[in-house]
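Undergrad: Below you will find the structure I want to go over with you.
2 protein chains.
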Amino acid sequence: MKIYGEPVSRLIEEFSRLPGIGGKSAQRLAFHIINLPEERAESLAGAILSARRGVKYCSVCCALTDADPCVICASKKRDERTIMVVEDPRDMAAYERTGEFFGLYHVLHGAISPMHGVGPNDLTIAALLKRIQDSPADEVIIATNPNVEGEATALYIAKILKPLEIKVTRIAHGVPVGGDLEFVDEVTLSRALEGRREI
Amino acid sequence: MKIYGEPVSRLIEEFSRLPGIGGKSAQRLAFHIINLPEERAESLAGAILSARRGVKYCSVCCALTDADPCVICASKKRDERTIMVVEDPRDMAAYERTGEFFGLYHVLHGAISPMHGVGPNDLTIAALLKRIQDSPADEVIIATNPNVEGEATALYIAKILKPLEIKVTRIAHGVPVGGDLEFVDEVTLSRALEGRREI
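Sequence order for the protein chains is B and X. Per the numbering used here: the first sequence = residues 2 to 200. Per the numbering used here: the second sequence = residues 2 to 200.
Below, the structure is given as structure tokens:
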């Protein structure tokens with residue numbers, strides 16, 4: 002890579018450290034950058050710095066935001082008594098895209114994972130508890146990921162919230178819509194059977 | 002995307018304008034950036050700016066470089082009388098990786114393409130001509146891409162160099178090594194037949 006000179010080689014190296022970008026893509030991106038108008042390159046560099054430095058979390062739901070409280074927590078139209086707990090702001094965005102959920106969110110920023118050294122204190126569980134103690138909710142819907150860490154986190158939160166006598170629910174497991182039963186794994190099939198409903 | 006706040010949304014947008022990066026990847030990269038240590042984000046932004054601003058071209062061969070002339074043109078070990086003409090610094094890097102070429106390069110920075118409004122004057126063909134007039138070469142090997150633009154450029158350069166009475170060669174077309182004849186296109190097969198050699 003020395004052949005391109007130090008600035009370009011360094012940029013290729015920096016790009017190849019990003020997730021999902023291999024050597025070839027990093028090279029392609031670097032060549033794209035050096036052929037960009039200078040203001041476009043400055044705009045990209047500026048966006049990186051301002052996103053990293055300017056990232057703020059909503060003091061209510063811990064979501065990414067630029068205003069505090071965030072647009073969802075500040076909205077008068079949302080149902081304040083239903084709180085959906087998600088692992089990540091992207092999960093929150095995914096539920097927002099459904100347009101079917103009108104309550105508030107709480108973003109944990111991860112899931113309990115002893116393997117990766119992530120315990121309950123590394124998440125925003127204490128903030129969730131305090132939030133519910135301050136303004137009681139009717140229902141807390143736990144929408145952590147359907148994997149080991151997500152399930153463990155769901156159980157932990159359910160246990161923590163038990164003394165408050167709030168309805169705690171978990172999103173349904175089952176076969177994904179549009180899927181083909183043949184290709185669905187056994188655990189999902191059993192969960193779909195367990196969760197069957199009368200029609 | 003408004004859901005993530007302005008700085009993060011802007012970064013996602015900036016990333017999705019890069020080649021080969023779609024909406025999902027841009028989002029993933031942006032979330033990676035906001036979770037990076039601040040000095041890593043600064044280092045990436047700095048690399049973008051310094052690559053864009055610090056990019057220099059060798060005054061001899063027009064390759065990307067940080068020293069002028071570039072390491073290859075400055076090397077005493079290279080054969081100065083053989084010049085390989087390539088479209089792009091990446092093509093030059095590809096030939097350097099073979100370790101089989103010991104001459105110098107000349108980087109055109111593109112190929113003649115009337116469709117895209119690229120004419121001979123947009124490339125470094127004048128610099129190539131002047132370079133050869135100043136210090137004559139024994140052979141000019143044209144290694145532009147084996148497509149319409151590359152072939153047109155090769156023919157154009159061959160014509161331009163004709164009055165100088167230099168040997169002008171074109172890299173061979175044929176079946177790629179390790180390929181399967183069955184999957185090689187007809188044009189390549191005919192070229193491989195045309196270019197057959199006695200063994």
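Just so you know, even glycine gets a beta-carbon here, dropped at the ideal spot from N, CA and C.
What number of angstroms, rounded off, separates the C-alpha of E152 of chain X from the C-alpha of T145 of chain X?
TA: Straight-line Cα distance between these residues: approximately 7 Å.
Undergrad: Taking C-alpha atoms, which residue in X:M93, X:A31 and X:S44 lies nearest to I143 of chain X?
TA: Comparing Cα-Cα distances from I143 of chain X to each of X:M93, X:A31 and X:S44, the minimum goes to X:M93.
Undergrad: Keeping to the same chain, check which residues put their C-beta closer than 7 Å to that of G23 of chain X; ignore five residues upstream and five downstream.
TA: Excluding sequence neighbours, G23 of chain X sits near S17.
Undergrad: Checking contacts by CB at 8 Å: is A94 of chain X closer than that to chain B?
TA: Answer yes: the Cβ-Cβ gap between A94 of chain X and chain B drops below 8 Å somewhere.
Undergrad: Provide the residue span of the beta strand (DSSP E) that contains Y96 of chain X, from first to last.
TA: First-last for Y96 of chain X: P90 to T99, but that is the alpha helix (DSSP H), not the beta strand (DSSP E).
Undergrad: What residues in the segment 161–187 of chain B have a beta carbon less than 9 Å from any beta carbon of chain X?
TA: Answer in chain order: no residues at all.
Undergrad: Return no unless some Cβ of chain X is closer than 8 Å to the Cβ of E88 of chain B.
TA: Output row for E88 of chain B: interface = no.
Undergrad: Would you report the Cα separation of M2 of chain B and S10 of chain B, rounded to the nearest angstrom?
TA: Its pLDDT being 47, under 50, M2 of chain B is placed unreliably by the model, and nothing is read from it.
Undergrad: Can you tell me which of the three DSSP states H117 of chain X falls into?
TA: Three-state result, H117 of chain X: helix.
Undergrad: Any C-beta of chain X within less than 8 Å: which residues of the segment 99–117 of chain B qualify?
TA: Here the close residues number zero.
Undergrad: How would you call I200 of chain B, buried or exposed, if buried means at least 16 neighbouring beta carbons within 10 angstroms?
TA: Under this definition I200 of chain B is an exposed residue.
Undergrad: Starting from the Cα of I1 of chain B, find the closest Cα among X:L165, X:R98, X:E15 and X:I73 and give me that residue.
TA: Residue 1 of chain B lies beyond the residue range present for chain B, which begins at 2 and ends at 200; the question has no answer from this structure.
Undergrad: The alpha helix (DSSP H) with R82 of chain X in it runs from where to where?
TA: Careful: R82 of chain X lies outside any alpha helix (DSSP H), inside the beta strand (DSSP E) at D80 to V87.
Undergrad: Give me the Cβ distance between P90 of chain X and Y106 of chain B, rounded to the nearest whole Å; I'm assuming they're in contact under 8 Å.
TA: Actually they do not touch by this definition, with Cβ atoms about 48 Å apart.
Undergrad: Rank X:V185, X:K57 and X:R192 by C-alpha distance to the C-alpha of C173 of chain X and give the top, closest one.
TA: Here residue 173 of chain X is Ala; the residue named in the question, Cys, does not match the sequence. The option with the nearest alpha carbon to A173 of chain X is X:R192.
Undergrad: Answer yes or no: do V56 of chain X and I158 of chain X have a C-beta to C-beta separation smaller than 8 Å?
TA: It is not a contact, given that the beta carbons lie outside the stated cut-off.
Undergrad: Mapping the DSSP letters down to three states, classify K77 of chain X as helix, strand or coil.
TA: Coil, per DSSP.
Undergrad: Output needed for Q28 of chain B: all residues of its chain with C-beta closer than 7 Å, excluding positions within five of it in sequence on either side, in chain order.
TA: Taken in chain order, the residues that qualify are I13.
Undergrad: Count the other C-beta atoms from every protein chain shown that fall within 10 angstroms of the C-beta of S26 of chain B, then say buried if there are 16 or more, exposed otherwise.
TA: Its Cβ being crowded by 16 or more others within 10 Å, S26 of chain B is buried.
Undergrad: Would you call the CB atoms of E81 of chain B and S44 of chain B closer than 8 Å?
TA: Cβ distance not < 8 Å, so E81 of chain B and S44 of chain B don't count as in contact.
Undergrad: Check whether the Cβ of Y5 of chain B lies closer than 8 Å to any Cβ atom in chain X.
TA: Answer yes: the Cβ-Cβ gap between Y5 of chain B and chain X drops below 8 Å somewhere.
Undergrad: Across which residues does DSSP place L65 of chain X in a beta bridge pair?
TA: DSSP output for L65 of chain X lists X:Y58 as bridge partner(s).
Undergrad: What are the boundary residues of the alpha helix (DSSP H) that includes L202 of chain B?
TA: Given that chain B is displayed from residue 2 to residue 200, the structure contains no residue 202 of chain B and the question cannot be resolved.
Undergrad: Rank B:V169, B:G111, B:A138 and B:I73 by C-alpha distance to the C-alpha of G100 of chain B and give the top, closest one.
TA: The option with the nearest alpha carbon to G100 of chain B is B:I73.
Undergrad: According to DSSP, which residues form a beta bridge with L1 of chain B?
TA: No answer is possible for residue 1 of chain B: it lies beyond the span of chain B, which begins at 2 and ends at 200.
Undergrad: Is any beta-carbon of chain B found at less than 8 Å from that of I84 of chain X?
TA: Not closer than 8 Å to any Cβ of chain B, the Cβ of I84 of chain X fails to qualify, so no.
Undergrad: From the DSSP output, read off the bridge partner residues of K168 of chain X.
TA: For K168 of chain X, which the question treats as bridged, DSSP gives the partners X:E140.
Undergrad: Ends of the alpha helix (DSSP H) at I158 of chain X?
TA: It spans V149 to L162 - the alpha helix (DSSP H) in which I158 of chain X sits, taken as one unbroken run.
Undergrad: Please check if any C-beta of chain X sits within less than 8 Å of the C-beta of G55 of chain B.
TA: At least one chain X Cβ lies under 8 Å of G55 of chain B.
Undergrad: Since R53 of chain X and L37 of chain B are thought to touch, with beta carbons under 8 Å apart, how far apart are those beta carbons, to the nearest angstrom?
TA: Right, their Cβ atoms sit about 7 Å apart.
Undergrad: Output yes or no for whether 8 Å exceeds the beta carbon distance between T154 of chain B and L109 of chain B.
TA: In this structure, L109 of chain B lies closer than 8 Å to T154 of chain B by Cβ.
Undergrad: Consider the Cβ of L124 of chain X: report whether some Cβ of chain B lies at a distance smaller than 8 Å.
TA: So no, L124 of chain X is outside the interface.
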